[in-house]
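Enquirer: Residue numbers (the numbering used here): 2 to 478.
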RNA sequence: GCACGAGUGGCAGAGCAGCUAUGCAAUGGACUGCAGAUCCAUGGACCCGGGUGCAAAUCCCGGCUCGUGCUCCA
């Protein structure tokens, strides 16, 4: 079964064929570290994390690269505000990023190149573009000249030069004064006093925003590579600029075989933004939400769809995730885990899960399968039989919900938690049993007031009493 | 204005030509003094108008509404 993915450039799902048999070069645009990472970053990282996990599951050898734009206007202004070096700012928020991503169970990329470590390659690329006549040197910087390659315009957005010309009409950018045309974009910005800068043939300065990704992807993945991705807000102009730069510089197209973009995170139906006051950093969100629940909620829709982050959605995810994990834990501690192959209903679930994931990484479909396997396992667990099927289901959940979707805590962690709960239970067991006995007597004599009083007392101790057909059972919450 | 995407049951959200999506909620039942948990069952949907198909949430055309992009942004 082949993997299909939605390519932004051709605007349709295409069968995934790699340049080199069995190998995938994947570049995803990372963050500009000037403030704490937010939920949108989480979604981007998790989306690509799962794509990488799935391609590896499908036996591809994946080289996954994601970058840090560790020098730019916002970083510089944050540094000036605090009176510190710009690298102090970027390093701080890169640390924050890794901390958040580790919590969200995002597997590290194979490399995290930074702009400040790629300056020579960037300069080389800009030089080459000037030589080829695609770029020109102006007072305040070096610019890419769109008109040298008008046919490349709108490859990802479906717009043409004329559309943008008319659309942008009133608000032509006046800041890039050296530009010949407002649609040209900066490859190199000459340094203003006090700004971090590097020497170049055109004077002290720093790279423009777009060129870094062209240079870094070239450096790490070569002149052609399979997948380039990022958030959908980067499609224009960032990724279109990259197409101009890379293809003009290297002299062939396409450089990137497939462009993929994850959807944005909205909050209560509106775009998350600082000005609207509905902005969530990851660490803020994690104060109230378990990281794996957050992860669950963000893959509960296919990666290209927008996701609406709101209380209902979090509550739902909490219920679903909690049930998945507790079922898994119960199965694991009671029946262990064994190979599931050959168990028909699990084979069928596998088929649906895999074809969902093969179809543009549809995690929503995959999640439905996970939940239905968990549910069936719970039923089996209740019926106290079919150990082999339960153990198979445990392994299945571990393989798919765990390894592929990254939704489960470590087995050891889970088991020790269950164990410590058992111990806690043992400690108060006698006391609880005594009270329950008393309550049974009260119930026997239909003294409901006394019975409820005892139940309330137990609730106060964190003990949940549940009356069943064979008398009362209890557990610790 | 232009571009891209979306409009599905009370809610969230899949499916994208034929077969129960699913979960939460609701209702009925099992169990129940009550509550809770669990299980079983049930109802209920495809924005509007045309078109193409034996067959359309699913494809095509035209509307309407919403979101996003066109400036830095995952």
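Cβ atoms here follow ideal geometry from the backbone N, Cα and C, with glycine treated the same way.
#1: Output needed for residue 75: all residues of its chain with C-beta closer than 6 Å, excluding positions within five of it in sequence on either side, in chain order.
#2: Quick one: any contact between the region 399 to 411 and the region 328 to 343, if contact means 3 or more CB pairs under 8 Å?
#3: Flag this pair as yes or no: are the beta carbons of residue 126 and residue 11 separated by less than 8 Å?
#4: Using 10 angstroms around the beta-carbon of residue 161, count the other beta-carbons present and answer buried if the total reaches 16, otherwise exposed.
#5: Quick one, are the C-beta atoms of residue 116 and residue 203 less than 8 Å apart?
#6: Alpha carbon to alpha carbon, how far is residue 335 from residue 321?
#7: Assign residue 468 to buried or exposed, taking buried as 16 or more other Cβ atoms, counted over all protein chains shown, within 10 Å of its Cβ.
#8: How far does the alpha helix (DSSP H) with residue 296 in it reach, from first residue to last?
#9: Measure the C-alpha to C-alpha separation of residue 276 and residue 291 and round it to an integer number of angstroms.
#10: In whole angstroms, give me the CA-to-CA distance for residue 461 and residue 477.
#11: Ends of the alpha helix (DSSP H) at residue 222?
#12: Would the beta-carbon of residue 41 fall within 8 Å of that of residue 69?
#13: To the nearest angstrom, how far is it from the Cα of residue 463 to the Cα of residue 384?
#14: Can you tell me the Cα-Cα spacing of residue 172 and residue 182, whole angstroms?
#15: Just to check, is the beta-carbon of residue 356 closer than 7 Å to a non-hydrogen atom of the ligand SAH?
#16: Is the beta carbon of residue 416 closer than 8 Å to that of residue 225?
#17: Quick one: using the 10 Å Cβ neighbour count with 16 as the cut-off for buried, is residue 47 buried or exposed?
#18: Looking at C-alpha atoms only, which residue of 422, 472, 424 is the closest neighbour of residue 440?
#19: Can you list, in chain order, the residues of its chain with a C-beta nearer than 7 Å to that of residue 58? Leave out the 5 residues immediately preceding and following it.
#20: Would residue 45 be called buried (16 or more neighbouring beta carbons within 10 Å of its own) or exposed?
#21: Pairs of beta-carbons, one from the region 139 to 158 and one from the region 243 to 255, closer than 8 Å: are there three or more?
#22: In chain order, what residues of the same chain lie with their CB nearer than 6 Å to the CB of residue 101, ignoring the 5 residues before and after it?
#23: Who are the near neighbours of residue 340 in its chain, counting only those whose CB is closer than 8 Å to its CB and skipping five residues on each side?
#24: Per DSSP, what kind of secondary structure is residue 358 in: helix, strand or coil?
#25: Would residue 303 pass as a contact of residue 364 if the rule is Cβ separation under 8 Å?
#26: Look up residue 231 in the DSSP assignment and say whether it is helix, strand or coil.
#27: Is the Cβ-Cβ distance between residue 242 and residue 186 less than 8 Å?
#28: If you follow the alpha helix (DSSP H) that residue 87 is part of, which residue opens it and which one closes it?
#29: Where does residue 406 sit, in a helix, a strand or coil, going by DSSP?
#30: Taking its Cβ as the centre, do 16 or more other Cβ atoms sit within 10 Å of residue 83, making it buried, or is it exposed?
#31: If you follow the alpha helix (DSSP H) that residue 329 is part of, which residue opens it and which one closes it?
#32: Please name the residue in 248, 249, 210 whose C-alpha comes closest to that of residue 238.
#33: Whole angstroms is fine: what's the gap from residue 288's alpha carbon to residue 333's?
#34: Between the region 262 to 269 and the region 219 to 234, are three or more C-beta pairs nearer than 8 Å?
#35: Would you report the Cα separation of residue 121 and residue 240, rounded to the nearest angstrom?
#36: Locate the beta strand (DSSP E) running through residue 273, then write down its first and last residues.
Expert: Based on what the coordinates show:
#1: Stepping through the first chain from its first residue, residue 75 is reached at position 74. Here residue 75 has 35 as same chain residues with Cβ atoms under 6 Å from its own Cβ, once five neighbours each way along the sequence are excluded.
#2: Using a C-beta cut-off of 8 Å, the region 399 to 411 makes contact with the region 328 to 343, since at least three inter-stretch Cβ pairs fall below that distance.
#3: Indexing the first chain from 1 puts residue 126 at position 125. Indexing the first chain from 1 puts residue 11 at position 10. No, Cβ-Cβ distance for residue 126 and residue 11 is not below 8 Å.
#4: On the first chain, residue 161 is found 160 positions in, with the first residue counted as 1. So residue 161 counts as exposed.
#5: In the first chain, the residue the question calls residue 116 occupies position 115. In the first chain, the residue the question calls residue 203 occupies position 202. Cβ atoms of residue 116 and residue 203: not closer than 8 Å.
#6: The residue given as residue 335 occupies position 334 in the first chain. The residue given as residue 321 occupies position 320 in the first chain. Residue 335 and residue 321 have their alpha carbons spaced roughly 21 Å apart.
#7: Taking the first residue of the first chain as 1, we reach residue 468 at position 467. Exposed, because fewer than 16 other Cβ atoms sit within 10 Å of the Cβ of residue 468.
#8: As a first step, residue 296 must be located in the first chain, where it is residue number 295. Element bounds for residue 296: 292 to 299.
#9: The residue labelled residue 276 in the question sits at position 275 within the first chain. The residue labelled residue 291 in the question sits at position 290 within the first chain. So the alpha carbons of these two residues sit roughly 27 Å apart.
#10: Here residue 461 is taken as the residue at index 460 of the first chain, counted from 1. Here residue 477 is taken as the residue at index 476 of the first chain, counted from 1. So the alpha carbons of these two residues sit roughly 11 Å apart.
#11: Position 221 of the first chain, counted from the start, is the residue given in the question as residue 222. Residue range 212 to 222 is occupied by the alpha helix (DSSP H) that includes residue 222.
#12: Position 40 of the first chain, counted from the first residue, corresponds to residue 41. Position 68 of the first chain, counted from the first residue, corresponds to residue 69. No, these two residues do not count as a Cβ contact at 8 Å.
#13: Working through the first chain from its first residue, we reach residue 463 at position 462. Working through the first chain from its first residue, we reach residue 384 at position 383. Between residue 463 and residue 384, the C-alpha separation is close to 27 Å.
#14: Numbered from 1 along the first chain, position 171 holds the residue referred to as residue 172. Numbered from 1 along the first chain, position 181 holds the residue referred to as residue 182. Here residue 172 scores only 42 on pLDDT, less than 50, and its place in the model should not be relied on; the value that follows carries that caveat. About 13 Å.
#15: The ligand SAH is absent from the structure shown, which contains no ligand whatsoever.
#16: Within the first chain, the letter at position 224 stands for residue 225. Within the first chain, the letter at position 415 stands for residue 416. No, Cβ-Cβ distance for residue 225 and residue 416 is not below 8 Å.
#17: Locating residue 47 in the first chain gives position 46, where the first residue counts as 1. So residue 47 ends up on the buried side.
#18: Looking up residue 440 in the first chain gives position 439. Checking every option, the nearest Cα to that of residue 440 belongs to 472.
#19: For the purposes of this step, residue 58 is identified with residue 57 of the first chain, where counting begins at 1. Closer than 7 Å at Cβ, skipping near neighbours: 405.
#20: Here residue 45 refers to the residue found at position 44 of the first chain. Counting of Cβ neighbours within 10 angstroms places residue 45 among the buried residues, the total reaching 16 or more.
#21: Touching, yes, given that three or more Cβ pairs across the two stretches are closer than 8 Å.
#22: Numbered from its first residue, the first chain carries residue 101 at position 100. Apart from the 5 residues on each side of it in sequence, residue 101 sits with its Cβ closer than 6 Å to the Cβ of 38, 283 in its chain, given in chain order.
#23: For the purposes of this step, residue 340 is identified with residue 339 of the first chain, where counting begins at 1. Excluding sequence neighbours, residue 340 sits near 393, 396.
#24: As a working note, residue 358 is residue 357 in the first chain. Secondary structure at residue 358: helix, using DSSP grouped into helix, strand and coil.
#25: Against the first chain, residue 303 aligns to sequence position 302. Against the first chain, residue 364 aligns to sequence position 363. The answer is yes: Cβ separation under 8 Å.
#26: Counting from one through the first chain, the residue named residue 231 turns up at place 230. Here residue 231 sits in strand by DSSP.
#27: Here residue 242 refers to the residue found at position 241 when the first chain is read from its first residue. Here residue 186 refers to the residue found at position 185 when the first chain is read from its first residue. Judged by beta-carbon spacing, residue 186 lies within the 8 Å limit of residue 242, meaning their Cβ atoms are closer than that value.
#28: Taking the first residue of the first chain as 1, we reach residue 87 at position 86. Its alpha helix (DSSP H) spans residues 87 to 104.
#29: Your numbering for residue 406 matches position 405 in the first chain. Coil at residue 406, not helix or strand.
#30: Within the first chain, the letter at position 82 stands for residue 83. The residue is exposed, with fewer than 16 neighbouring Cβ atoms inside 10 Å.
#31: Along the first chain, one-based indexing puts residue 329 at 328. For residue 329, the enclosing alpha helix (DSSP H) has its first and last residue at 312 to 336.
#32: Counting from one through the first chain, the residue named residue 238 turns up at place 237. Taking each of 248, 249, 210 in turn and checking the Cα distance to residue 238, the smallest one comes out for 210.
#33: Residue mapping note: residue 288 aligns to position 287 of the first chain, counting from 1. Residue mapping note: residue 333 aligns to position 332 of the first chain, counting from 1. Their Cα atoms are separated by approximately 29 Å.
#34: At 8 Å Cβ cutoff, the stretches touch.
#35: Position 120 of the first chain, counted from the first residue, corresponds to residue 121. Position 239 of the first chain, counted from the first residue, corresponds to residue 240. Going by the C-alpha atoms only, they are around 21 Å apart.
#36: Along the first chain, one-based indexing puts residue 273 at 272. Here residue 273 belongs to no beta strand (DSSP E), and DSSP marks it neither H nor E.
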